[in-house]
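Everything below concerns the one structure shown next.
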Amino acid sequence: MSDNLNLPRRKALKKIGTGMALGASGLLSAPAFAQNKPLKIGVIAPRGGIAGTAGEGGIRAMEWSVAKLNAMNGIGGRKIELVIQEETTPKETIDRYRKLVLQDRVDAVHGVISSGVSLALAPAAEQSQMLTLLWDGTTQDGVKEMMPNPKYVFRAIDNEVDAVMSSLLAIRHFKGSMARVAGINPDYTYGRNTWTTFTAILKKFGIAHEVVAEQWVKVGTMDLTSNVAALKTAKPDVIFTSMVFADLPVFMRQAHNVGLTENCKFVIPAAGWQHTAMKKEFTPEGVVFGHSTMYFDNPAASPLQKEFVRWYADKYKDYPHWESDRAYFCLQLYKAGVERALAAKSGSWPSSIEIAMAMPGLKVESLGGPASMRADHIANQVIFQGLTTHKNAYDFPTLASVETMSTEQIQKPAGADFWQWLESTKFKV
Amino acid sequence: MSTVFTSVASGHTASLRDNKPGWFARRGLQAAIFLGVVALAAVPQFADAYYVSLGIPFMAYAVALLGFNLLFGYGGLLSFGHALFLALGAYASAISARHFGLTSIEGMLLCAVGVSLLVALPIAFVASRFVGIFFGMLTLSFGMLFYSFLNKFYHLTGGDSGMNVPQPTLLGRSYAAMGKMEFLTGPFYYYCLVLLALGVLVMWGIVRSPYGLHLQAARDNEVKASYLGVKTRQVRGVAFLISAVYGAVGGVILGVNTGLADPELAYWAHSGHLVFMAVLGGFQQFLGPVVGAFVFILLQDELQAVTQYWRFFLGVVLAALVIGMPGGILGTVRALWNRWRKR
Amino acid sequence: MTSTQQTPLLEAQGVGRSYGQFIALEGVDLRLNQGEFVSLVGPNGAGKTTLVNVLTGFVPPTHGRVHFMGRDIRGSNSVELSTRGLARAFQLVNVFPDLTVRDTLTVAACSQLGLRWRLFGDARSHRSAAEVVRATAAAFRFEDALDIVASSLPHGKRKLLDVASAFALRPKVVLLDEPTAGVSTADKHGVMETLLVAAREMNVGAILLIEHDMDLVRRYSTRIVAMQGGRKIADQPTDDFFSNEEILSVVVGKLEGTA
Amino acid sequence: MASLIGILMAGVFHAAALFLLTSGLQLVFGVQRIVNLACGSLYALGAYVGISFTTWALPQGLPVPMFPLALLAAGLVVGLIGLPLERLISTIYKRPESFQLLLTFSLILVFQDVLRFFWGANPQQLANVAMHYGSVSLWGAQMPAYNVFVILLAIATAVGLGWFLGRTTLGKMLRATAENREASAAMGVNVRMVYLLVFTLGTTLSTVGGAMVVPTAAVSLQIGVDLVVEAFAVIVIGGLGSMKGAAAGALIVGLIRAAALVLYPEVEVLATYVIVLGILVFKPSGLFGKAAV
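For the protein sequence lines, the chains are A, B, C and D, in the order given. The opening position of the first sequence corresponds to residue 5 in our numbering, with each subsequent residue numbered one higher. The opening position of the second sequence corresponds to residue 25 in our numbering, with each subsequent residue numbered one higher. The opening position of the third sequence corresponds to residue 35 in our numbering, with each subsequent residue numbered one higher. The opening position of the fourth sequence corresponds to residue 60 in our numbering, with each subsequent residue numbered one higher.
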């Protein structure tokens with residue numbers, strides 16, 4: 005054991021000083037020897053625990069596209085090398101992030117799903133001037149405090165868009181039968197924000213409704229029988245739930261098993277992470293079902309997405325969800341950014357700030373469809389949602405008709421405060 | 025009561041021989057502390073910045089564990105909810121920064137100490153009645169109560185996204201110009217080192233003081249102790265308070281290091297890691313926890329680097345320690361040393 | 035030898051203790067005067083230990099009252115009484131396994147000197163504490179064993195350490211629960227001698243001894259209290275006691291029965 | 060009315076699950092004074108294996124109505140892991156209580172990754188076979204028949220254990236050992252065998268519990284760690300080492316949660332802890348436990 009433990013210190017002695025000087029001040033490897041050196045990309049994603057599914061979806065897409073890119077000569081002539089680290093608690097993850105920055109000396113970091121972790125990472129990223137592309141959004145309030153006008157941090161989306169869209173769809177489809185609404189949402193910021201968004205939009209459209217039940221589920225709770233019973237007593241017409249993890253199918257099944265699904269509509273803005281687990285036998289038709297930025301079964305999907313979905317299905321006997329798209333998008337965006345910056349510097353390798361500067365305004369072809377980076381470092385995406393149907397070859401429901409909205413309508417504009425924007429803006433159903 | 029108690033006592037077979045003025049205990053300990061401080065002070069000069077940055081969580085845990093071990097090693101009380109106080113320290117500094125605009129680390133520390141005492145007082149009052157498993161379960165419950173409080177009262181605590189812990193000023197000097205990493209691996213590193221050194225000295229004083237003796241007497245045999253005028257319950261209560269303060273100070277360092285105070289800090293599994301470190305280093309030795317923290321940080325780092333199943337190996341190591349090497353690293357070293365000296 | 039005029043150091047008046055139905059102690063009177071060495075004898079289950087528990091405030095009496103140095107002990111527990119000068123040594127060998135002899139004695143010295151809440155400063159190098167430790171160690175011939183861990187002392191020594199730690203409280207009254215149990219007959223007298231010498235050197239006021247060994251009892255006590263079934267059946271100067279055949283037969287007879 | 064029954068039943072069901080989780084814990088503590096922090100991990104293990112075995116067995120021609128048997132079998136078989144575990148833990152019988160917590164905590168870490176190694180990060184669930192039995196309506200409240208079955212199973216377990224400990228010679232032997240290890244050893248009881256048996260029985264109760272409950276929910280890597288807290292709440296309220304306690308504690312926690320969700324969802328989690336602490340302060344031994352300190 006003790007040997008094992010001296011190892012790091014021996015390593016340490018080799019790279020006297022330099023680590024800090026370069027790593028911390030983020031001057032990336034000098035152009036001279038840049039081209040022949042592999043391009044290191046750090047990936048931070050959950051592998052175990054409740055969010056493991058999400059992490060896997062992203063990592064798999066990452067590996068798929070890296071293989072493709074490396075087949076053609078990588079990014080800017082440099083082969084890509086992934087350094088994957090597990091995302092756990094903020095305290096632990098920040099140490100691994102520093103490891104990526106200071107020891108592995110990666111060129112950029114992609115990934116991160118939980119708000120807590122991204123909020124801890126973002127300032128560190130700005131501090132160490134490390135280009136960091138976050139796959140999944142972070143919640144409003146935290147972002148305002150922890151990452152005001154970021155320079156090095158980019159986000160693939162703003163969290164609440166899914167909720168905004170499915171609220172609008174709910175009104176479009178359920179208007180007139182929404183007298184009694186109930187919410188059962190994860191007991192953390194995301195859950196609360198989405199629920200507030202939903203009710204706010206109902207008000208906005210003057211939908212006369214009464215909130216008959218409001219429940220907050222501790223993430224990872226696997227026995228929701230009591231919650232379901234409580235909901236049943238409330239006799240809601242519509243249930244809104246932004247559960248995203250394994251607890252969602254459990255909830256759906258337990259709701260179905262006590263007949264809650266018979267005469268009650270469901271609105272699930274972010275069901276996509278669990279789509280293959282939402283079996284037909286307990287997920288009814290006519291549920292507002294969100295797939296966020298990628299719907300695997302989209303008939304109008306690009307050949308690229310079709311190819312990816314086929315590969316994914318063959319390799320993992322499963323169908324990909326939006327996290328694959330986010331990961332793919334971030335990689336493509338980074339590639340485009342590097343190439344633009346390279347061109348600007350006529351071939352000599354750009355610094356991370358130069359790459360960061362190059363990214364806003366870029367349009368890239370992502371799995372789910374075209375997407376672009378805004379000036380405020382939040383991407384514009386296309387969101388896929390719709391009502392569920394059982395008419396398909398799978399054992400889980402798909403979308404009867406794919407309804408799409410661009411985040412240009414349903415995402416807060418650059419610099420705006422989400423809640424004020426929600427107040428003021430005019431949506432069309 | 026005494027039955028539970030003696031069973032606790034009988035376990036400390038190797039005993040805290042620091043009381044015994046042998047070469048190892050006196051000179052050895054002083055030498056160890058001195059060399060340790062010197063070595064740590066030298067680290068930033070040669071080591072890779074990453075390992076320097078690891079030094080901060082190490083020192084945070086080292087401080088927290090010094091307190092933790094006053095309870096466990098010297099008091100015979102195993103707390104499975106001690107992460108509560110690290111979380112408390114982190115949140116105290118976050119809140120004092122947000123609501124009172126405190127930006128000096130000294131302010132944060134004071135705030136953390138105050139809050140931890142306030143919280144620890146009622147817990148100590150209840151917990152000091154228990155020993156053994158019940159003490160463990162009680163502290164675990166309190167820890168989890170606090171954990172769910174952090175999640176529920178999000179208006180105050182920021183819920184799951186936690187609270188920002190800004191880069192503080194040290195002794196009134198601001199390092200805002202400096203990048204966070206340079207701050208952490210530079211001035212802050214040395215600041216923590218001084219804190220740790222102070223923590224060690226103070227704790228060294230406490231364990232050898234009359235109070236410290238009474239605490240150990242209470243651990244070894246409650247009834248007999250009470251007949252020698254030891255107020256066992258109060259003595260334990262005070263130990264809990266002291267350990268809470270140490271925990272909170274460690275929490276402040278962790279908070280500044282992460283830049284965030286988040287509920288996971290209070291989750292009981294985190295307490296489990298504290299216990300792990302104490303056992304790893306040797307909870308029957310004064311410096312055991314410090315060594316434990318050091319080895320744990322490097323061990324976890326190495327394991328995570330080589331396998332995604334690092335928890336498995338941590339578990340195996342802990343099991344092996346508990347069964348085969350209850351003395352932990354220092355305990356074993358000392359045993360070997362004593363054997364060598366006998367020859 | 036006993037003068038009824040002076041206020042006794044320790045006095046029990048009609049104390050009784052019952053656990054639910056079971057009556058462990060009933061109407062026991064006991065006086066312990068300055069300079070007395072009283073032995074408490076009786077068959078097992080006679081209530082001797084219960085009596086000591088009550089006298090030391092370890093368990094409150096259900097009837098009657100106990101005065102220590104003129105003050106009712108009601109409401110004060112063994113911790114306070116021990117610091118006020120009422121010490122007790124145990125039947126079992128249960129000193130602190132992990133502490134050295136020095137530390138064990140220092141624990142008592144510190145409580146007696148009221149240093150309890152001193153959080154700093156090495157307890158062992160505190161002058162007056164060290165003095166108490168030195169005196170006690172000297173009295174019990176522990177000088178050269180001071181830095182040995184209690185659990186690694188020889189059995190006889192361990193029993194003595196138990197007693198010594200009680201003496202380190204500089205008590206007025208010491209209650210000894212079979213200090214020689216498990217000690218070879220040869221050594222028993224040795225133990226008692228050291229004990230008495232120590233008591234004299236450290237001017238202990240009075241000693242109450244629970245003992246089965248009639249030789250020891252006869253040899254050392256000034257007065258003997260016999261108990262049976264929770265009641266006091268005799269309270270006489272040693273010589274009278276040993277001339278009182280029927281009581282002796284009760285006590286000794288029962289003893290042989292149990293031994 | 061119907062809704063009230065519905066909530067009540069939900070609470071009782073939750074209680075049943077909790078009882079199955081904690082009965083093993085209580086048995087082991089009752090006899091051996093060992094607290095097994097890894098009880099949640101064992102519960103999870105039973106669930107994972109149960110799922111895999113059942114999903115394998117059904118295509119092999121196991122008639123769907125028979126799936127509980129598959130789960131039961133799986134639970135019983137993995138329960139045997141108790142044998143090596145007991146041998147492992149026996150190494151610290153003579154150590155202070157704290158060491159049990161340490162060793163069983165290390166087991167949690169190990170299990171978490173072992174489960175991840177075999178079943179991956181994704182939480183697992185069984186196809187909705189549970190609904191094969193349809194649902195029953197009690198006074199108008201609808202509930203899956205399988206949930207009722209789980210409740211009955213829990214009751215059966217409680218009664219069975221009561222009978223086993225109270226009436227059978229072996230049970231009496233166990234209680235004797237619990238009372239006084241040395242004495243019963245002197246009376247020729249093979250304490251070592253008794254401990255091996257009790258611990259394995261306890262383990263099996265947990266694994267079977269996990270396997271039987273999982274069709275109504277799902278199992279994730281996390282529950283091993285999360286369940287510990289709920290289990291502790293139950294046994295602290297009920298009293299360590301008491302079967303009655305486990306039942307009472309489970310009912311209290313289950314019903315409180317169900318009630319809180321209807322009346323005041325905000326306090327759902329907090330309510331439990333408050334009760335736990337209340338008990339610890341005012342009746343440390345729990346409702347049915349022997350004195351704590």
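Backbone N, C-alpha and C define an ideal beta-carbon position, used for all residues, glycine too.
Residue-level contact to chain A via CB, residue i, 7 Å cutoff
i              : result
residue 73(B)  : yes
residue 126(B) : no
residue 279(D) : yes
Inter-residue CB distance, residue i and residue j (contact presumed, cutoff 8 Å)
i              : j              : result
residue 293(B) : residue 284(D) : 6 Å
residue 232(C) : residue 173(C) : 4 Å
residue 87(A)  : residue 182(A) : Not confirmed; about 49 Å, so no contact.
residue 328(A) : residue 71(A)  : Rounded, the Cβ-Cβ distance is 14 Å, inconsistent with contact.
residue 50(D)  : residue 283(A) : With chain D running from 60 to 352 in the structure shown, residue 50(D) is simply not present.
residue 164(D) : residue 296(B) : 5 Å
residue 229(C) : residue 197(C) : 6 Å
residue 353(D) : residue 216(D) : Residue coverage of chain D in this structure runs from 60 to 352, which leaves residue 353(D) outside it and unanswerable.
Residue(s) in a DSSP beta bridge with residue i
i              : result
residue 374(A) : 369(A)
residue 53(C)  : 56(C)
residue 86(A)  : 45(A)
residue 324(D) : None; residue 324(D) has no bridge partner.
residue 115(A) : 48(A), 138(A)
residue 170(A) : In the DSSP output, where bridge partners are listed per residue, residue 170(A) has none listed.
residue 293(A) : 272(A), 390(A)
Rounded C-alpha distance that separates residue i from residue j
i              : j              : result
residue 68(C)  : residue 42(C)  : 7 Å
residue 246(A) : residue 274(A) : 6 Å
residue 202(B) : residue 132(A) : 11 Å
residue 71(B)  : residue 123(C) : 58 Å
residue 240(B) : residue 155(C) : 16 Å
residue 205(D) : residue 321(D) : 24 Å
residue 17(D)  : residue 101(D) : Residue coverage of chain D in this structure runs from 60 to 352, which leaves residue 17(D) outside it and unanswerable.
residue 185(A) : residue 229(A) : 19 Å
residue 34(A)  : residue 217(B) : The predicted model places residue 34(A) with a pLDDT of 40, which falls under 50 and marks its position as unreliable, so this point remains unresolved.
residue 349(B) : residue 97(B)  : 15 Å
residue 185(B) : residue 195(A) : 12 Å
Below-7 Å beta-carbon distance, residue i vs any chain B residue
i              : result
residue 93(A)  : yes
residue 107(D) : no
residue 150(D) : yes
residue 354(A) : no
residue 413(A) : no
residue 154(C) : yes
residue 341(D) : no
Short CB-CB distance (under 7 Å) between residue i and chain D
i              : result
residue 265(A) : no
residue 169(B) : yes
residue 239(B) : no
Near the ligand FAD: residue i beta-carbon under 6 Å from a heavy atom
i              : result
residue 191(A) : With respect to small molecules bound, the structure shown includes none, and the ligand FAD cannot be examined in it.
In chain order, each beta strand (DSSP E) run of at least 3 residues that lies wholly inside the segment 124-204 of chain D
194-197, 200-203
Only counting runs of 4 or more residues, tell me where the alpha helix (DSSP H) segments fall wholly within the segment 247-286 of chain A, in order along the chain.
251-261
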